[in-house]
Amino acid sequence: MEAKTKEASRFIDVVLRALDILDLFQQKSEFTLKEIIDLTGLTRSRTMRLIGTLESRGYLVANYQSRKYFPGVKLAVLGKSYERMNHIEAITRPILKNLSNRTGESATFYVIDGTDRLAIAREEGTHALRYSVHEGQRMPLHAGASGKVLLAFGPIELLEKMKARNKLGAITPNTITDMDTLLTELFSIRKNGYAISRGENVAGANAISAPVLGHNKQLIGAIGIAAPTNRLNDKNIEDRVNIVTETANQLSRKFGYPSKNEKR
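Its first residue numbered 3, the sequence shown is counted upward by one per residue in our numbering.
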């Protein structure tokens, strides 16, 4: 587990107090201003400022006739997002386990998160020496097989965002940093249905990934394996590609992809 940075250990008081107010709604669905003041111990003026801020962003809703506050639609949206991720993880994990068992390598499922990729499920391989990734870790999209799969099958606008935010920096000497080169690579990945990377994100580690698609052929995420180059190389890469793409097809069908025989 990564150690916390000093910045991550510093808390902003006003944010904590706003979260204290939101936490109250785990107890019941409505509160008066006085109840919120009494339960949080905040002053009236500070409570009103915090409530007003939360209300303006959709986290709270006020009923001025009853003089009570209720959870806003933004909390429902966040809840649905959490449910969706948990749903994806529940479906993905046994497939990941099987992929790891078949290859002996660690297997990970990634989704797009802003202009990064997010590891939401991970199954460790059987080898003592392995490529280290933890669930919840964010990684670049342009470096590594899974990131390139997400770019190749994801929304085209994502590339423009990355370019605008200068997100094509070099991580290793093998990282693709030129947009035209990356576009050529992504076209090939989309055509072939899988991606291979060789030391693009971590020197000395290779990876294979394939897209997981849903019922209307939209991108759900990317599934793949990564390993040191002495275990994942030209001698076994073709066999591993077949296993990863077969697994991605299996998982896609779990998400309603129309037919295993239909070209991806």
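Using N, Cα and C, we set each Cβ at its ideal position, and we do this for glycine too.
Since this is a predicted model, take the numbers as computed values, not measurements.
Test item: CB-CB of residue i and residue j under 7 Å
i	j	result
Ala209	Ala147	yes
Lys169	Thr117	yes
Asp120	Ala109	It should be noted that the sequence gives Leu, not Asp, for residue 120. Not closer than 7 Å, so no.
Thr128	Ile227	no
Glu91	Ile122	yes
Gly60	Lys76	yes
Lys99	Glu126	no
Leu62	Gly81	no
Leu1	Leu153	The question about residue 1 has no answer here: the residues shown for the chain are numbered 3 through 266.
Thr183	Ala212	no
Leu26	Leu41	yes
Ile173	Ala145	yes
Gly223	Phe111	yes
Residue(s) in a DSSP beta bridge with residue i
i	result
Pro73	Leu62
Gly223	Val214
Ser102	Bridge partners of Ser102: none, in fact.
Thr110	Arg124 and Gly226
Ser199	Ala209
Thr55	According to DSSP, Thr55 bridges with nothing at all.
Close-in-space but distant-in-sequence residues of the same chain around residue i (CB under 8 Å, 5 per side omitted)
i	result
Met3	Its pLDDT being 34, under 50, Met3 is placed unreliably by the model, and the measurement read from it follows with that caveat. Cβ neighbours of Met3 beyond the five flanking positions: His136.
Asn235	Asn208
For residue j and residue i, believed in contact at Cβ under 8 Å, the rounded distance
i	j	result
Phe1	Gly216	The structure shown does not extend to residue 1, since the chain is modelled only from 3 to 266, so the question has no answer here.
Ile38	Ile23	6 Å
Met164	Leu185	About 12 Å; that fails the 8 Å criterion.
Pro175	Gly206	Not a contact, Cβ separation roughly 12 Å.
Ala20	Leu44	Not quite, the Cβ-Cβ distance comes to about 10 Å (not below 8 Å), so this is no contact.
Residue i classed as buried or exposed, judged by whether at least 16 other C-beta atoms fall within 10 angstroms
i	result
Glu202	buried
Val17	exposed
Ser199	buried
Ile158	exposed
Ser83	exposed
Tyr66	exposed
Chain-order list of residues whose beta-carbon lies under 7 Å from that of residue i (same chain, five-residue window excluded)
i	result
Leu253	Thr94, Ile97, Val214 and Ile225
Thr34	Arg69 and Lys70
Asp87	Asp is not the amino acid found at residue 87; the sequence shown has Met there. Cβ neighbours of Met87 beyond the five flanking positions: Ile122.
Close Cβ partners of residue i (< 6 Å) along its chain, the five nearest in sequence each way excluded
i	result
Ile114	Leu152 and Gly156
Glu32	Lys70 and Phe72
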